[in-house]
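Visitor: One structure, pasted below without further comment.
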Amino acid sequence: MDPQFLVIGEALIDIVARHGESAVEHVGGSPANVAVGFARLDHPVLFVTCLGDDERGDRIRTHLKHRSVAIVDGTDDYPTSTAQANIDESGAASYEFNLFWDPGFIELPASVHHVHTGSIAAVLEPGGTEILGALDRGRGQATVSYDPNFRPSIMGDIAAAIARIEDVMGRSDVVKASSDDIAIMYPDLSLEEVIARWLDLGPALAVITRAEAGVSYRTRADSEVVTRPAPPTTVVDTVGAGDSFMAGLISGLTASGLLGGPEARERLHTALAADVESAIARGAACGAMTVARAGAYAPSLDEL
57 MDPQFLVIGE
67 ALIDIVARHG
77 ESAVEHVGGS
87 PANVAVGFAR
97 LDHPVLFVTC
107 LGDDERGDRI
117 RTHLKHRSVA
127 IVDGTDDYPT
137 STAQANIDES
147 GAASYEFNLF
157 WDPGFIELPA
167 SVHHVHTGSI
177 AAVLEPGGTE
187 ILGALDRGRG
197 QATVSYDPNF
207 RPSIMGDIAA
217 AIARIEDVMG
227 RSDVVKASSD
237 DIAIMYPDLS
247 LEEVIARWLD
257 LGPALAVITR
267 AEAGVSYRTR
277 ADSEVVTRPA
287 PPTTVVDTVG
297 AGDSFMAGLI
307 SGLTASGLLG
317 GPEARERLHT
327 ALAADVESAI
337 ARGAACGAMT
347 VARAGAYAPS
357 LDEL
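Residues 57 to 360 (this note's numbering) are what the sequence shown spells out, left to right.
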């Protein structure tokens with residue numbers, strides 16, 4: 057099937073070290089997780105990434121193929137990227153990265169009507185500049201979503217990283233970040249001020265996930281921030297939860313006709329909170345199912 061969604065960003069091996077246990081390796085990377093999430097929700101997806109010519113790269117290729125994700129793999133001379141996830145007693149994850157990102161020129165198939173990007177790939181050069189070019193070229197045919205997935209340990213100077221993040225936001229229709237992200241990025245701003253700042257950059261919908269406190273969001277056409285409580289769940293770990301939420305959110309917005317090309321963009325820019333509520337609910341349901349399992353589990357539509 058021709059790709060409906062295009063995802064651009066890193067795929068890597070997560071080396072998961074749980075409290076008191078030996079490390080275990082899993083396929084990961086925020087954009088890779090979102091691509092799998094889209095495929096699991098029955099959206100044909102093409103994933104542009106960068107893998108090494110090694111055993112870990114082959115493992116990622118097999119993982120994506122088995123989950124119906126088509127890939128464009130900018131294989132280079134570097135080893136496949138890794139991220140060590142250290143899981144503490146509460147189930148929260150912290151990360152250490154060894155990442156290489158150079159996808160080259162990014163083609164957008166004519167069938168693509170939504171582009172998602174995020175995480176380290178959007179700020180790490182030389183690939184970050186290639187992403188900006190792809191978003192500019194794709195705007196006439198596709199809507200755009202973005203999750204900065206802020207990782208100060210590898211994104212370098214925080215002020216420079218935020219400037220790039222906000223540059224990408226200005227090219228996006230939907231932006232989503234976690235409360236942990238904004239606590240680092242904007243320590244002196246309230247949640248409402250952060251959302252207003254993002255919407256002023258150009259997006260039509262800004263969303264902040266807040267773990268057990270739920271999710272807060274606002275559309276450009278509304279003046280008030282809405283908070284939805286988190287669905288009941290049992291937390292095993294939080295790995296991939298934000299990516300699962302993002303996949304569900306974009307899937308729901310697409311199903312509602314609010315993403316998927318220039319006409320959908322116009323509808324999203326006049327949408328009210330009630331118009332995006334079902335998409336927020338789909339994202340929250342996906343995230344709740346992910347945290348209830350170990351690793352970056354992606355639920356299917358049938359499970360939802």
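Glycine residues also receive a C-beta, built at the ideal position from the N, C-alpha and C atoms.
Taking C-alpha atoms, which residue in 231, 240, 268 and 267 lies nearest to residue 252?
Guide: The residue labelled residue 252 in the question sits at position 196 within the sequence shown. The residue with the shortest Cα to Cα distance from residue 252 is 231.
Visitor: Any idea which residues DSSP pairs residue 141 with across the strands?
Guide: Residue 141 sits at position 85 when you count from the first residue of the sequence shown. Paired residue(s): 72 and 151.
Visitor: Just verifying my parser: in three-state terms, what is the DSSP assignment at residue 136?
Guide: Translated into the one-based positions of the sequence shown, residue 136 becomes position 80. Coil.
Visitor: Using 10 angstroms around the beta-carbon of residue 137, count the other beta-carbons present and answer buried if the total reaches 16, otherwise exposed.
Guide: Within the sequence shown, the letter at position 81 stands for residue 137. When all chains shown are included, residue 137 counts as buried.
Visitor: In terms of residues, what are the limits of the alpha helix (DSSP H) holding residue 356?
Guide: Your numbering for residue 356 matches position 300 in the sequence shown. No alpha helix (DSSP H) contains residue 356, which DSSP labels as neither H nor E.
Visitor: Can you list, in chain order, the residues of its chain with a C-beta nearer than 7 Å to that of residue 257? Leave out the 5 residues immediately preceding and following it.
Guide: As a working note, residue 257 is residue 201 in the sequence shown. These residues qualify, in order along the chain: 222, 225 and 226.
Visitor: Going by the DSSP bridge assignment, what does residue 253 pair with across the sheet?
Guide: Residue numbering aside, residue 253 sits at position 197 when the sequence shown is read from its first letter. BP columns for residue 253 are empty, so no partner.
Visitor: Could you tell me which residues DSSP pairs with residue 242 in its beta bridges?
Guide: If you number the sequence shown from 1, residue 242 lands on position 186. According to DSSP, residue 242 bridges with nothing at all.
Visitor: Tell me residue 63's beta-bridge partners as DSSP assigns them.
Guide: Indexing the sequence shown from 1 puts residue 63 at position 7. Beta-bridge pairing links residue 63 to 103 and 172.
Visitor: Which of the three DSSP states, helix, strand or coil, is assigned to residue 126?
Guide: What you label residue 126 is simply residue 70 of the sequence shown in a count that begins at 1. It is a strand residue.
Visitor: Output the boundary residues of the beta strand (DSSP E) element that contains residue 264.
Guide: In the sequence shown, counting from the first residue as 1, residue 264 sits at position 208. That run of the beta strand (DSSP E) goes 261 to 265.
Visitor: Distance, Cα to Cα, residue 106 vs residue 139?
Guide: Position 50 of the sequence shown, counted from the start, is the residue given in the question as residue 106. Position 83 of the sequence shown, counted from the start, is the residue given in the question as residue 139. Taking the straight line joining both Cα atoms gives about 15 Å.
Visitor: Roughly how many whole angstroms lie between the Cα atoms of residue 306 and residue 170?
Guide: By one-based count along the sequence shown, residue 306 stands at place 250. By one-based count along the sequence shown, residue 170 stands at place 114. Going from the Cα of residue 306 to the Cα of residue 170 covers about 9 Å.
Visitor: Could you give the first and the last residue of the continuous alpha helix (DSSP H) run that contains residue 86?
Guide: Mapped onto the sequence shown, residue 86 falls at position 30. 86 to 96 is the extent of the alpha helix (DSSP H) around residue 86.
Visitor: Tell me, which residues are paired with residue 232 by DSSP?
Guide: As a position in the sequence shown, residue 232 is number 176, starting the count at 1. For residue 232, which the question treats as bridged, DSSP gives the partners 263.
Visitor: Across which residues does DSSP place residue 81 in a beta bridge pair?
Guide: Here residue 81 refers to the residue found at position 25 of the sequence shown. Bridge partners of residue 81: 71.
Visitor: Spatial neighbours of residue 275 within its chain, please: CB distance less than 7 Å, with the 5 preceding and 5 following residues excluded, ordered by chain position.
Guide: Position 219 of the sequence shown, counted from the start, is the residue given in the question as residue 275. Cβ neighbours of residue 275 beyond the five flanking positions: 260, 261, 327, 328, 329 and 332.
Visitor: Going by alpha carbons, who is nearest to residue 342 out of 319, 325 and 294?
Guide: Within the sequence shown, residue 342 is the residue found at index 286, counting from 1. When only C-alpha atoms are compared, the closest one is 294.
Visitor: Can you list, in chain order, the residues of its chain with a C-beta nearer than 7 Å to that of residue 359? Leave out the 5 residues immediately preceding and following it.
Guide: For this step, residue 359 is matched to residue 303 along the sequence shown. Closer than 7 Å at the Cβ level, and outside the excluded window around residue 359, lie 345.
Visitor: State buried or exposed for residue 366, treating a residue as buried only when at least 16 other CB atoms are found within 10 Å of its CB.
Guide: Because residue 366 is not part of the residues shown, which for the chain are 57 to 360, the question remains open.
Visitor: Which same chain residues end up closer than 7 Å to residue 340 when comparing Cβ atoms and leaving out the 5 residues on each side of it in sequence?
Guide: Locating residue 340 in the sequence shown gives position 284, counting from the first residue. For residue 340, where only same-chain residues beyond five positions count, the Cβ hits under 7 Å are 271, 284, 286, 287 and 301.
Visitor: Identify the residues that DSSP records as bridge partners of residue 272: which are they?
Guide: The sequence position of residue 272 within the sequence shown is 216, counting from 1. Residue 272 is bridged to 264 and 283.
Visitor: Decide if residue 183 is buried, meaning its Cβ has at least 16 other Cβ atoms within 10 Å, or exposed.
Guide: Start at 1 with the first residue of the sequence shown, and residue 183 comes out as number 127. Label assigned to residue 183: buried.
Visitor: Taking the straight line between their C-alpha atoms, what separation do you get for residue 303 and residue 133?
Guide: Counting from one through the sequence shown, the residue named residue 303 turns up at place 247. Counting from one through the sequence shown, the residue named residue 133 turns up at place 77. Between residue 303 and residue 133, the C-alpha separation is close to 31 Å.
Visitor: Do you know how far the Cα of residue 146 is from the Cα of residue 61?
Guide: For the purposes of this step, residue 61 is taken as the residue at position 5 of the sequence shown. For the purposes of this step, residue 146 is taken as the residue at position 90 of the sequence shown. If I take the Cα positions, the gap works out to 35 Å.
Visitor: Quick one: grab the DSSP three-state call for residue 224.
Guide: By 1-based counting over the sequence shown, the position of residue 224 is 168. It is helical.
Visitor: What do you reckon, are the CB atoms on residue 102 and residue 199 nearer than 8 Å?
Guide: Along the sequence shown, one-based indexing puts residue 102 at 46. Along the sequence shown, one-based indexing puts residue 199 at 143. Not closer than 8 Å, so no.
Visitor: To the nearest angstrom, report how far apart residue 207 and residue 349 are at their CA atoms.
Guide: Working through the sequence shown from its first residue, we reach residue 207 at position 151. Working through the sequence shown from its first residue, we reach residue 349 at position 293. Taking the straight line joining both Cα atoms gives about 23 Å.
Visitor: What residues are listed by DSSP as bridge partners for residue 201?
Guide: Locating residue 201 in the sequence shown gives position 145, where the first residue counts as 1. Beta-bridge pairing links residue 201 to 172 and 230.
Visitor: Give me the Cβ distance between residue 175 and residue 65, rounded to the nearest whole Å; I'm assuming they're in contact under 8 Å.
Guide: Translated into the one-based positions of the sequence shown, residue 175 becomes position 119. Translated into the one-based positions of the sequence shown, residue 65 becomes position 9. Yes, they are in contact, since the Cβ atoms of residue 175 and residue 65 sit about 6 Å apart, within 8 Å.
Visitor: Quick one: using the 10 Å Cβ neighbour count with 16 as the cut-off for buried, is residue 165 buried or exposed?
Guide: Your numbering for residue 165 matches position 109 in the sequence shown. Residue 165 comes out exposed.
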